[in-house]
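In case it helps, our numbering puts the sequence shown at residues -13 to 69.
We treat Cβ as the ideally placed atom computed from N, Cα and C, and that holds for glycine.
Being a predicted model, the structure only gives us computed values, none of them experimental.
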Amino acid sequence: MAEDRKLHLNPGIAQRTLGAARTLWHDTSWSGMATVLAGDVNGDRKGDPLGRITSGGLYWYAGDGAGTVAPGRQMWPTITSAN
């Protein structure tokens, strides 16, 4: 997350550095995430960000491989539901 509290993508480039940042999500709702992770959640070989909110809910945002993500889908409801 950047100072503007929006989620940005810094793509990796061949020289083992990061490219220029571009906005990945349109608003500041990611500022409420306690943890932000990424991986290929659904096996389509495209990166998917995941966000855990402070109450423990885990959300998955399907990536399209071109720097756009779909609206979040709740994968786990709360911290207490893991017990």
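(request) Could you round the C-beta distance between Ala74 and Asp34 to whole angstroms and report it? I think they count as a contact, below 8 Å. (result) The structure shown has nothing for residue 74, since the chain only spans -13 to 69.
(message) If I measure Cβ to Cβ from Tyr45 and keep anything under 8 Å in the same chain, skipping five residues before and after, which residues do I get?
(response) Here the question's residue 45 lines up with position 59 in the sequence shown. Closer than 8 Å at the Cβ level, and outside the excluded window around Tyr45, lie Leu36, Gly37, Arg38, Ile39, Gly58, Arg59, Gln60 and Met61.
(request) Give the straight-line distance between the Cα atoms of Asn(-4) and Thr9, rounded to the nearest whole angstrom. (result) The residue you call residue -4 lines up with position 10 of the sequence shown. The residue you call residue 9 lines up with position 23 of the sequence shown. In a straight line, the C-alpha of Asn(-4) is about 9 Å away from that of Thr9.
(request) Provide the residue span of the beta strand (DSSP E) that contains Arg59, from first to last. (result) For the purposes of this step, residue 59 is taken as residue 73 along the sequence shown, with counting starting at 1. First-last of the beta strand (DSSP E) with Arg59: Arg59 to Trp62.
(message) Which residue marks the beginning of the beta strand (DSSP E) containing Asp34, and which one marks its end?
(response) Taking the sequence shown and counting its residues from 1, the one referred to as residue 34 is at position 48. Residues Asp34 to Ile39.
(request) Taking the CB atoms as reference points, tell me whether Trp16 and Lys32 lie closer together than 8 Å. (result) Here residue 16 is taken as the residue at index 30 of the sequence shown, counted from 1. Here residue 32 is taken as the residue at index 46 of the sequence shown, counted from 1. Not in contact: Trp16 and Lys32 (Cβ atoms no closer than 8 Å).
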